[in-house]
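Once you know that position 198 of the sequence shown is 198 in UniProt numbering, the rest is easy, because the numbers rise by one and skip nothing.
Just so it is clear, CB atoms sit at the ideal spot from N, CA and C, and this is done for glycine as well.
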Amino acid sequence: MENYDLIIIGGGPAGLTSAIYGGRAKLKTLLINKGTIGGMVDTTREIVNYPGYIETTGPDLMKAFSDHAKSFGVEFLKDEVLSVDFSQEEKIIKTKKGKEFAAKVAIIGCGSQPRLLNIPGETRLRGNGVAYCATCDAEFFEGEDVVVVGSGDQAIEEGMFIAKFAKKVTVIVLHDEGVLDCNKVSAERAASHPKMNFIWNSTVAEVLGEENVEAVKIKNIKTGESYDYPCQGVFFFVGMVPSTGFLKDSGITMDKRGYIPVSELMETNIEGVYAVGDNRVKYLRQVVTSAGDGATAAVAAERYIDEVNSFNAEVLQSDKKVLLLFFNAMVNESLAFSTLLEELNSELGNEYKVVKVDLATKKILAQKYQIEAAPAVIVLDQGKEVKRLECSMDKESVKAQL
Numbered sequence: 001m002e003n004y005d006l007i008i009i010g011g012g013p014a015g016l017t018s019a020i021y022g023g024r025a026k027l028k029t030l031l032i033n034k035g036t037i038g039g040m041v042d043t044t045r046e047i048v049n050y051p052g053y054i055e056t057t058g059p060d061l062m063k064a065f066s067d068h069a070k071s072f073g074v075e076f077l078k079d080e081v082l083s084v085d086f087s088q089e090e091k092i093i094k095t096k097k098g099k100e101f102a103a104k105v106a107i108i109g110c111g112s113q114p115r116l117l118n119i120p121g122e123t124r125l126r127g128n129g130v131a132y133c134a135t136c137d138a139e140f141f142e143g144e145d146v147v148v149v150g151s152g153d154q155a156i157e158e159g160m161f162i163a164k165f166a167k168k169v170t171v172i173v174l175h176d177e178g179v180l181d182c183n184k185v186s187a188e189r190a191a192s193h194p195k196m197n198f199i200w201n202s203t204v205a206e207v208l209g210e211e212n213v214e215a216v217k218i219k220n221i222k223t224g225e226s227y228d229y230p231c232q233g234v235f236f237f238v239g240m241v242p243s244t245g246f247l248k249d250s251g252i253t254m255d256k257r258g259y260i261p262v263s264e265l266m267e268t269n270i271e272g273v274y275a276v277g278d279n280r281v282k283y284l285r286q287v288v289t290s291a292g293d294g295a296t297a298a299v300a301a302e303r304y305i306d307e308v309n310s311f312n313a314e315v316l317q318s319d320k321k322v323l324l325l326f327f328n329a330m331v332n333e334s335l336a337f338s339t340l341l342e343e344l345n346s347e348l349g350n351e352y353k354v355v356k357v358d359l360a361t362k363k364i365l366a367q368k369y370q371i372e373a374a375p376a377v378i379v380l381d382q383g384k385e386v387k388r389l390e391c392s393m394d395k396e397s398v399k400a401q402l
C-alpha cells in the first residue's frame, strides 16, 4: 500500500486546483480520476466567464489546470475509487483496479452528473447543441430556437435565462396544460414571457442532427403521436446526480440527494476529509467556484497535516508527561495563566513538557479534545489523558494538582 500526504478523488476543476495547491505546498499528492480529466468541463465547447480567459474551450482550460498540477510533481492515476475507510487518522482508499492507498488527508471532488434521459442523440450531440447548464452555454444560442426539457424550478428559471439570448424557448412538459413542477412565481413569469412557449403532455424521444442539433423528436404521451420539432439547441433540466455513491458506508454526512455539506474550510464531518466542487452543497456550480473550493480545501489540508505532524512529535511521542495548554492570545488573563504554568513547571524541575495551543489557530485540535474556552490544561502521559486541571491564578492550587 502506497502512502501519500494528500489524495484527491476526482479530476474536475475543483480536484485539479486542490492538486495544484497541494503540489506547490510540497505535499506528496495523488489525484485519482476515473474518466477524462476536467470532468463535465471537458465537454464544454466554449468558456467565456473564467477570469483571465476572454474565450477558451473546456478541454483547453482543463489541460492548463492539469499541466499546472503536474509541474508541481502531482501524480495522476486513471482509476475508479470503489470504497474508502475514513474511520482512522490514516485514510484508506481502494480502487477498481485493485490498488490500495493511504493518505493523511483526502479531498473529495468527484462532482455530479446531469440526470440523463438516455435517448438517442443525447450523448452523441452533447456539447454540440445538447447542454445542461444555462449559465455556461445560453449565450451561444443567440437568436436561435432552443428547447428546454423539464418543468421544475431549475428548468423554468434557466429557461427564462436562456430566453435573454435565444429567439424562442420551447419548454417540453410531461403534465397537462398549465401544470408545472416549479414554484408559482416562476410559473406565472414564464407563462407571460414573450419568448417562451410550452408543449404539454409531451416528452423528447430523440435528439436529431448530424454534427449539431437540428431538431428534436417530440412524443405526446397521451396520443402517442410523434413529430420532429426544429431547433438548434436542447437543454435538459431533469436533475443532477452527485457522484457520491461510493461514499455510502464511509460515515460521510450527505443530504438526501447525496450532496456533502461542508464548513467554510470545505471540511466534512470527518476530520481530515474535505469535499469540493459540484459534489458538495453549494449555491453556484461553476468552474470558478470549484477552483475556489479546491484552493480552500488544499490550504486547510496542508495546515491540518502540519498540525497533526507537530502534535505527534511534540505530544504523542514525548518522553515526558505533557501539559497541553489551550490559551487565547487575545486575552491577557489567558496569557498570564500561561506564564504561571511555565513558572510552576520550572519550580518542579521541568518535570513536564508544556505544549501551548492557541485556540484561534488550532481549532481542529481544540475540537478533538472538546475544548471550548481558554485557559484549559490537559495532562497527557504517552499520549493518553491523565486528568484536566482546574485553571486559576492561585499558584498553590494549580501546583497541588500537579
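Boundaries of the beta strand (DSSP E) harbouring L389: 384-389, taken from the DSSP string. Boundaries of the alpha helix (DSSP H) around K63: 58-71.
By the criterion of a C-beta distance shorter than 6 Å, I156 is surrounded in its chain by C182, S186, A190, once the five residues flanking it on both sides are discounted. V81 and L6 do not touch by the CB rule: their CB atoms are close to 14 Å apart, not below 8 Å. Partner residues in the beta bridge of K353, as assigned by DSSP, are V322. A straight-line Cα-Cα distance of about 6 Å links A374 and S334. Taking T17 as the centre and dropping the five residues before and after it, the same chain places the C-beta of A291, G294, A295 closer than 6 Å to its C-beta, in chain order. The C-beta distance from S151 to H175 rounds to 7 Å, short enough to meet the 8 Å contact threshold.
In this structure, the alpha-carbon of M266 lies about 37 Å from that of V169. Here Y4 is buried. Its C-beta has 16 or more other C-beta atoms within 10 Å. For L365, the uninterrupted alpha helix (DSSP H) segment begins and ends at 363-368. Here L30 really is in contact with F101; their C-beta atoms are around 7 Å apart, less than 8 Å.
Counting only the Cα atoms, E139 lies some 27 Å from R280. Here the C-alpha atom of H68 lies approximately 12 Å from the C-alpha atom of E75. The DSSP-derived three-state label of E177 is coil. E206 sits in a strand when the DSSP states are folded into three classes. With fewer than 16 other CB atoms across the displayed protein chains lying within 10 angstroms of its CB, P120 is exposed.
Counting C-beta pairs with one atom in each stretch, the stretch 313-329 and the stretch 127-144 have fewer than three that are closer than 8 Å, which means they do not touch. Beta-carbon to beta-carbon, Q113 and S243 are separated by about 6 Å, close enough to satisfy the 8 Å threshold.
Within the same chain, and ignoring the five residues on either side of D79 in sequence, the residues whose Cβ sits closer than 7 Å to its Cβ are I32, K34, T95, K96, K97, K99.
Approximately 19 Å separates the beta-carbon atoms of K363 and S338; this is outside 8 Å, ruling out the contact. Rounded to the nearest whole angstrom, the CA to CA distance from L208 to I172 is 16 Å. Within 10 angstroms of the beta-carbon of S397 lie fewer than 16 other beta-carbons, which makes it exposed.
Excluding the 5 residues flanking it on each side, A366 has same chain C-beta neighbours closer than 8 Å at F326, V357, L359, E372, in chain order. Between I92 and I9, the CB-CB gap reaches or exceeds 7 Å. If only complete runs of 3 or more residues are kept, the stretch 240-279 shows the beta strand (DSSP E) at 240-242, 273-275, in order along the chain. Between P51 and V288 a beta carbon distance of about 7 Å is seen, short of the 8 Å cut, so the two are scored as contacting. G38 sits close to M62, with the two beta carbons spaced by under 7 Å.
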